[in-house]
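J.: Line order of the protein sequences matches chains X and U. Going by the numbering used here, the letters in the first sequence line up with residues 407 to 707, in that order. Going by the numbering used here, the letters in the second sequence line up with residues 106 to 310, in that order. Can you keep this structure in mind? I'll have questions shortly.
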Amino acid sequence: MADTTILSELSDQLAAAVEHAALSTVLVSARRRIPASGIAWDATTVLTADHVIEQDEGIVVVGPDGASHDATVAGRDPGSDLAILRVSGAALTPAERAPDDSYHVGSLALAVGRPSEEGPMASFGIVSAINGPWRTRRGHRLANYLRSDTTFYPGFSGGPLVDALGRVIGMNSSRLGRGAGLTIPLAAAAPVIADLMSRGRVRRAYLGVSSQVVPLPSALAAHLGGQQSGLLVVMVEPGSPAEAGGLLVGDILARAGDIPLTDTESLQLQLTADRVGVPFTLSILRGGAPRDIAITPADRE
Amino acid sequence: MTTAVAPPPAPGTAVDDAGGHLARLLRATLVSVFDNGSAGAGTPWSNTLVVTNNHVVGGSAPQLVLPDGAVAASEVVFRDEAADLVLLRTSVALPRPLRTRLDPLHAGELVFAIGHPWGERGVLTAGIALAPGGPVQADGRFSPVRADLRLAPGNSGGPLTDAAGQLVGINSMIIGGAGVAIPAAVVAEFVARATAGTPEAGYDR
Chain X
407 MADTTILSEL SDQLAAAVEH AALSTVLVSA RRRIPASGIA WDATTVLTAD
457 HVIEQDEGIV VVGPDGASHD ATVAGRDPGS DLAILRVSGA ALTPAERAPD
507 DSYHVGSLAL AVGRPSEEGP MASFGIVSAI NGPWRTRRGH RLANYLRSDT
557 TFYPGFSGGP LVDALGRVIG MNSSRLGRGA GLTIPLAAAA PVIADLMSRG
607 RVRRAYLGVS SQVVPLPSAL AAHLGGQQSG LLVVMVEPGS PAEAGGLLVG
657 DILARAGDIP LTDTESLQLQ LTADRVGVPF TLSILRGGAP RDIAITPADR
707 E
Chain U
106 MTTAVAPPPA PGTAVDDAGG HLARLLRATL VSVFDNGSAG AGTPWSNTLV
156 VTNNHVVGGS APQLVLPDGA VAASEVVFRD EAADLVLLRT SVALPRPLRT
206 RLDPLHAGEL VFAIGHPWGE RGVLTAGIAL APGGPVQADG RFSPVRADLR
256 LAPGNSGGPL TDAAGQLVGI NSMIIGGAGV AIPAAVVAEF VARATAGTPE
306 AGYDR
């Protein structure tokens, strides 16, 4: 005879997953209205959403044990909506991380939040999509991002999306994704977190050009082994690495090192934070003739 | 001769089967309440008493529709406007009530609502508990059960249960997309007050 034992077992497992995640989910009070959530990254560090921090002073983190701690912003990045808080006098339990290959579209997921001191709250759903790479509206490139059909209730931003074992898949943000909310997987957040913890902000490599895709006439394409398009420089920023390297309006960017530049995304993909200060060769066409330009991306302050 | 042992069903299939079983269990207890054009759900509490939301019943003699389709008259016994509860009495044999669970839910536990959302009878929706809710305090107030659960107006007055089909609350409203229910402990206290000194007092649940 059918019974509901398996439902009770699933229910117990979900409650246990919430309880486990709650051990490293904190309350973050950094704005006048409803508090938000945060993920304990180590004993004294909390990962939260940049957009929930609306004040510089008086930031308070409340741990799962109910103890309040003063906190300061160690680093923040509006582009990725990530921020790191340093919490004084705390001994937080670091979150357990879900292995990057352990979840897929269709996996059960819980969004966990701690927007009040009454205890953790959770909503339930599945991983709906894992996409990427993606450029946020504020210019940060996320290696990938995740959508779930969990509901982000007020104050859930900064909290974790966890799997059925309560392990953290990523950090929830109601602000990203054109207001529909999404989750930044921990692997995608890791480079930003590293930058925020070591230098308080995220480096952004830039050249200082605006360009648009142009098709290459066959004579020019022949110079480039048959490449069909390149990037026509339409603006060079004063004082930029592009200007320092001698780029001119009208130049056609063809290759960055060995990488063909067939659209603007292919140039952007080369400008990762680790490229700041690292020179590379831009192969260009100037007046129809090929030449190489040495260029060094700078940090966009 | 050996008999092949069938492998256990995949978890998803087992969950589907259990969900279907729970749906049948809950539909067998669900009552509809009609009063002057307003309709909601009702939760049997004893063989003669039904609990529903006060806001579902404007008059004094709402009609009940039982799971088998039979229509029964009822009368209002007691109202608690603040708690949004009303107790109805009928002389028709009601379906056996769900077992009541008085200890609080844990965040993340599965919860199920049965009612008439979107005007359809006997619809099951599922979700998880957001906040457990608590008993009535000295000032008469209580924390409601909040659930990450899709409810619609036709769920009012119907039962909220846990994964074992035990009553944990009476669904009463929707706030910010979350379902809100009156905790079972609060409903039990309400019924005790409403039936003090009457033959129905102390009905063993």
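All C-beta atoms, glycine included, are put in the ideal place defined by N, C-alpha and C.
Exposed or buried, Gly631 of chain X, counting other C-beta atoms within 10 Å across all chains shown (16 or more means buried)?
T.: Result: exposed.
J.: In chain X, which residues lie with their C-beta within 8 angstroms of the C-beta of Glu214 of chain U?
T.: Per Cβ cutoff of 8 angstroms: Ser417, Asp418, Leu420 and Ala421.
J.: If we require 3 or more residues per run, which beta strand (DSSP E) segments fall completely within the stretch 629-665 of chain X?
T.: Fully enclosed beta strand (DSSP E) runs of 3 or longer: 635-642 and 658-662.
J.: Whose Cβ in chain X lies nearer than 9 angstroms to the Cβ of Val120 of chain U?
T.: By Cβ distance, chain X contributes Ile412, Leu413 and Leu416.
J.: Under 7 angstroms, CB to CB, which of the residues in the stretch 439-470 of chain X have a partner in chain U?
T.: Here the close residues number zero.
J.: Between Asp244 of chain U and chain X, is the shortest Cβ-Cβ distance under 8 angstroms, so that the two count as touching?
T.: No, no contact with chain X.
J.: Could you pull out every residue in the same chain whose Cβ sits closer than 7 angstroms to the Cβ of Ala662 of chain X, ignoring the five residues on either side in sequence?
T.: Once the five neighbours on either side are set aside, the close Cβ partners of Ala662 of chain X are Leu673, Gln676, Phe686 and Leu688.
J.: Hey, how far is the Cα of Ser143 of chain U from the Cα of Val161 of chain U?
T.: In a straight line, the C-alpha of Ser143 of chain U is about 6 angstroms away from that of Val161 of chain U.
J.: At a CB-CB cut-off below 7 angstroms, which residues of chain U make contact with Phe530 of chain X?
T.: The contacting residues are Gly232, Ile233 and Asp253.
J.: Looking at chain U, is there any beta carbon in it that lies within less than 8 angstroms of the beta carbon of Tyr559 of chain X?
T.: Taking Cβ atoms only, chain U reaches closer than 8 angstroms to Tyr559 of chain X, which makes this a yes.
J.: Looking at chain X, is there any beta carbon in it that lies within less than 8 angstroms of the beta carbon of Ala123 of chain U?
T.: Closer than 8 angstroms: yes.
J.: Looking at C-alpha atoms only, which residue of X:Ala586, X:Val639 and X:Met527 is the closest neighbour of Leu254 of chain U?
T.: Out of X:Ala586, X:Val639 and X:Met527, X:Met527 has the C-alpha closest to the C-alpha of Leu254 of chain U.
J.: Identify, in the order they occur along the chain, each residue of the same chain with its Cβ nearer than 6 angstroms to the Cβ of Leu265 of chain U, setting aside the five sequence neighbours on each side.
T.: So the list reads Val216, Ala218, Val273, Gly274, Asn276 and Ala286, once near-sequence residues are dropped.
J.: With a CB to CB cut of under 7 angstroms and the five nearest residues on each side skipped, what residues in its chain are close to Gln461 of chain X?
T.: Counting only Cβ-Cβ distances below 7 angstroms, and skipping sequence neighbours, we find Ala436 and Arg437.
J.: Can you find the residues in the same chain that come closer than 7 angstroms, C-beta to C-beta, to Arg503 of chain X, ignoring five residues on each side of it along the sequence?
T.: Cβ within range, chain order: Arg573, Val574 and Leu592.
J.: For a test of the three-state rule: what should DSSP assign to Ile412 of chain X, helix, strand or coil?
T.: The answer is helix: DSSP assigns Ile412 of chain X an H, G or I state.
J.: Closest to Leu171 of chain U by C-alpha separation, out of U:Gly163, U:Asn152 and U:Glu186, would be which residue?
T.: Looking at the Cα atoms, U:Asn152 is the closest of the given residues.
J.: Does the CB of Ala269 of chain U have a neighbour CB from chain X at under 8 angstroms?
T.: Yes, its Cβ sits closer than 8 angstroms to a Cβ of chain X.
J.: Using a Cβ-Cβ cut-off of 8 angstroms, state whether Gly274 of chain U counts as contacting chain X.
T.: By this cut-off, Gly274 of chain U is not an interface position.
J.: Using the Cα positions of Arg607 of chain X and Ile440 of chain X, report the straight-line distance between them to the nearest angstrom.
T.: Their backbone Cα atoms lie some 26 angstroms apart in a straight line.
J.: Mind the definition here: the stretch 648-657 of chain X touches the stretch 618-631 of chain X only if three or more C-beta pairs lie below 8 angstroms; say whether that holds.
T.: With a cut-off of 8 angstroms, the stretch 618-631 of chain X and the stretch 648-657 of chain X do not count as touching, because too few Cβ pairs lie within range.
J.: Suppose you measure from the CA of Leu433 of chain X to the CA of Glu707 of chain X; what does that come to, to the nearest Å?
T.: Approximately 31 angstroms, taken between the alpha carbons.
J.: Hey, Ser617 of chain X and Ala442 of chain X: beta-carbon distance below 8 angstroms or not?
T.: Not closer than 8 angstroms, so no.
J.: Using beta-carbon positions only, say whether Ile459 of chain X and Ala489 of chain X come within less than 8 angstroms of one another.
T.: Taking 8 angstroms as the Cβ cut-off, Ile459 of chain X and Ala489 of chain X qualify as a contacting pair.
J.: Under 7 angstroms between beta-carbons, which chain U residues line up against Val424 of chain X? List them in chain order, please.
T.: Going along chain U in sequence order, the residues near Val424 of chain X (Cβ under 7 angstroms) are Ala212 and Gly213.
J.: Could you confirm whether any beta carbon from chain U is found closer than 8 angstroms to the beta carbon of Met527 of chain X?
T.: Chain U, which has a Cβ nearer than 8 angstroms to the Cβ of Met527 of chain X, makes this yes.
J.: Do you know how far the Cα of Val120 of chain U is from the Cα of Ser486 of chain X?
T.: Rounded to whole angstroms, Ser486 of chain X to Val120 of chain U spans 38 angstroms at the Cα level.
J.: So, at 6 angstroms on beta carbons, what are the nonlocal neighbours of Ile465 of chain X in its own chain, with the 5 sequence-adjacent residues on each side left out?
T.: Result list for Ile465 of chain X: Ala436 and Ala477, in chain order.
J.: Taking just the CA atoms, how far does Leu429 of chain X sit from Asp471 of chain X?
T.: So the two alpha carbons sit approximately 9 angstroms from each other.
J.: Tell me the DSSP bridge mates of Asp471 of chain X?
T.: According to DSSP, which records beta bridges pairwise, Asp471 of chain X is partnered with nothing at all.
J.: Please give the ranges of any beta strand (DSSP E) in the stretch 181-268 of chain U, keeping only runs that are unbroken, at least 3 residues long and fully inside the region.
T.: Listed in chain order, they are 190-194, 215-220, 228-236, 250-253 and 264-266.
J.: Quick one: grab the DSSP three-state call for Met407 of chain X.
T.: Here Met407 of chain X scores only 39 on pLDDT, less than 50, and its place in the model should not be relied on; the value that follows carries that caveat. Three-state DSSP puts Met407 of chain X in coil, outside helix and strand.
J.: Count the other CB atoms within 10 Å of the CB of Ala595 of chain X; is the residue buried (16 or more) or exposed (fewer)?
T.: Buried, since its Cβ has 16 or more Cβ neighbours within 10 Å.
J.: Find the residues of chain U that neighbour Leu516 of chain X, judging by a C-beta separation of less than 8 angstroms, and give them in chain order.
T.: Those are Gly213 and Ile233, listed as they occur along chain U.
J.: Determine the extent of the alpha helix (DSSP H) in which Ala363 of chain X is found, giving its start and end residues.
T.: Shown here, chain X extends from 407 to 707; a query on residue 363 of chain X therefore has no answer.
J.: Going by CA-CA distance only, name the one from U:Leu169, U:Ala175, U:Val176 and U:Glu214 that's closest to Leu192 of chain U.
T.: The shortest C-alpha separation from Leu192 of chain U is found at U:Leu169.
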